[in-house]
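*Asks:*
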Amino acid sequence: MIIEIDFNSTEAIYIQLRNQIVYGIATARFKEGDSLPSVRALAEEIGINMHTVNKAYTVLRQEGFVQMDRRRGAVIAVNADKLMALGEIDTELHKLLAKASCRGISRDEIHAMIDDIYEEYGGI
């Protein structure tokens with residue numbers, strides 16, 4: 113598993129780890145039913161504390177990206193609750209678009225950025 117952590121970033125390591133896994137799901141590097149490495153194995157591979165990996169896995173579980181299985185550990189299980197996801201995205205988009213508006217970023221620039229990002233995910 114290739115996870116890139118920036119140890120100089122101000123962003124918490126568990127958030128970086130969570131974001132890398134979500135990005136992996138979005139780009140089909142990780143698929144529904146795939147098992148993630150054990151907490152211990154991933155912590156050793158990256159060189160971080162096991163509690164940090166555990167916290168990232170807990171956040172992913174709470175957000176509906178993984179389920180915990182006694183035999184297989186953390187398993188990719190994208191939450192099918194589309195309405196809940198749309199509500200969360202709506203909230204985040206309001207924040208981001210307000211910031212963009214304050215910075216003078218145009219609708220066309222936002223749309224171009226969204227199109228580029230969606231291309232990264234296979235044009236979903």
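According to my numbering, the sequence shown holds residues 113 to 236 in order.
For each residue, glycine too, the CB sits at the ideal point set by N, CA and C.
Look at V171 and I127 and say whether their C-beta atoms are less than 9 Å apart.
*Replies:* Yes, Cβ-Cβ distance for V171 and I127 is below 9 Å.
*Asks:* Taking F181 as part of the beta strand (DSSP E), name the residues at either end of that continuous run.
*Replies:* Per the sequence shown, residue 181 should be read as Asp rather than Phe. 178-181 is the span of the beta strand (DSSP E), which, as asked, contains D181.
*Asks:* Hey, how far is the Cα of Q174 from the Cα of A197?
*Replies:* Computed Cα separation, rounded: 12 Å.
*Asks:* What does DSSP give as the partner residue(s) for N187 in the beta ladder?
*Replies:* For the record, residue 187 in the displayed sequence is Val; it is not Asn. V187 pairs with S147, Q179.
*Asks:* Could you check whether L129 and I160 sit closer than 9 Å to each other, using their CB atoms as the reference points?
*Replies:* Closer than 9 Å, so yes.
*Asks:* What separation, rounded to the nearest whole angstrom, lies between the Cα atoms of K227 and E221?
*Replies:* Residue 227 is actually Asp in this sequence, not Lys. Looking at the two C-alpha atoms, the distance is approximately 10 Å.
*Asks:* Can you tell which of E204, V178, T203, Y233 has its C-alpha closest to the C-alpha of S147?
*Replies:* Looking at the Cα atoms, V178 is the closest of the given residues.
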